[in-house]
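Below is one structure, written out as structure tokens; comments come after it.
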Amino acid sequence: MLMNDYLTIILIVLLYFSPVFYQLYLLLKERKEENKKLLKRLLRFTKYSFLILIFTAIVFGILSHTNYLNYQKPMTFDKYDQITFQNFRGLEFFKKSLYGNERFAYVVTSIDSDIDENSVTIESLFYPSRSFVYKKNTNSTELLSHEKYHIKITELFARKAKQEISDLKTFDKNKIEGIIKDVKTKERAFQKEYDYNTFHSYVLSEQKRYEKEVDSLLTSLNQYENPKIIIDDKN
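In this text, residue positions in the sequence shown follow this note's numbering: the first is 0, and each later residue adds one.
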């Protein structure tokens with residue numbers, strides 16, 4: 000959320016409570032006996048109003064993070080070809096444009112991992128109910144392709160993690176956790192670089208360059224497509 004958005008919310012709250020604050024000021028200034036009942040009512044109103052605002056803010060924050068009103072569970076990479084803008088179900092209450100353009104979207108992905116006794120499961124996930132497109136009926140194939148390549152990039156680094164873990168000679172949980180942490184850091188950096196260099200899909204030549212590079216790297220790591228890796232001690 001931008002600073003301007005916070006200022007807008009604060010201004011709305013202050014305007015909402017301004018009549019109450021004014022009445023409290025007058026009552027406290029006069030401090031007459033007959034004003035005590037009115038003061039109590041105002042304080043009670045203020046108390047319940049704050050509780051309602053806090054509850055609303057919590058609901059607002061939850062829905063801003065994940066749209067549970069139109070929820071779809073995370074999708075694994077094998078569902079990649081099924082993803083369209085109809086899957087982008089997240090809510091965005093403030094941001095209405097990107098660099099002045101209403102044709103924008105963002106995607107949320109993650110590398111999920113589970114370490115067992117002699118195996119590791121690593122897979123990339125796409126979160127439909129946290130991903131957003133301003134105009135769901137947009138027919139921009141360029142924008143959709145750009146966002147979907149974020150998903151491919153996450154899958155690429157998930158496979159890189161599996162490649163590194165497969166090279167371990169013994170099962171070492173600390174090393175495995177270190178590899179996963181390091182790969183996640185590199186994945187986030189690559190995602191930012193991708194957005195910066197393509198200017199969020201607007202620089203077509205860079206977009207095509209990244210698509211070619213990511214596709215080539217993914218293909219070279221096809222043997223790590225399976226989420227689960229069995230680690231046998233090689234000593």
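Positions of the beta carbon are idealized from the N, C-alpha and C atoms, including for glycine.
In this text the structure is predicted, and so the values were computed from the model without any measurement.
{"Query": "C-alpha gap between Leu167 and Phe198, whole angstroms", "Result": "38 angstroms"}
{"Query": "One or two residues paired with Glu186 in a DSSP bridge", "Result": "None; Glu186 has no bridge partner."}
{"Query": "DSSP three-state assignment for Lys78, whether helix, strand or coil", "Result": "helix"}
{"Query": "Sub-7 angstroms separation of Ser130 and Phe76 beta-carbons", "Result": "no"}
{"Query": "Proximity of Ile238 and Phe170 at Cβ, strictly below 7 angstroms", "Result": "There is no way to answer for residue 238, as the model of the chain reaches only from 0 to 234."}
{"Query": "The segment 108 to 120 / the segment 38 to 51 touching (three or more Cβ pairs under 8 angstroms)", "Result": "no"}
{"Query": "Three-state secondary structure (DSSP) of Ile61", "Result": "helix"}
{"Query": "Beta-carbon gap between Leu155 and Val106 smaller than 7 angstroms", "Result": "no"}
{"Query": "Host beta strand (DSSP E) of Val213 (start-end)", "Result": "Note, Val213: premise wrong, no beta strand (DSSP E); alpha helix (DSSP H) at 203 to 219."}
{"Query": "For Phe125, the residue or residues it bridges with in DSSP", "Result": "Met74, Thr108"}
{"Query": "Identified DSSP bridge partners for Thr120", "Result": "Asp113, Lys227"}
{"Query": "Per DSSP, cross-strand counterpart(s) of Phe131", "Result": "Tyr105"}
{"Query": "Lys159 - containing alpha helix (DSSP H), residue span", "Result": "140 to 165"}
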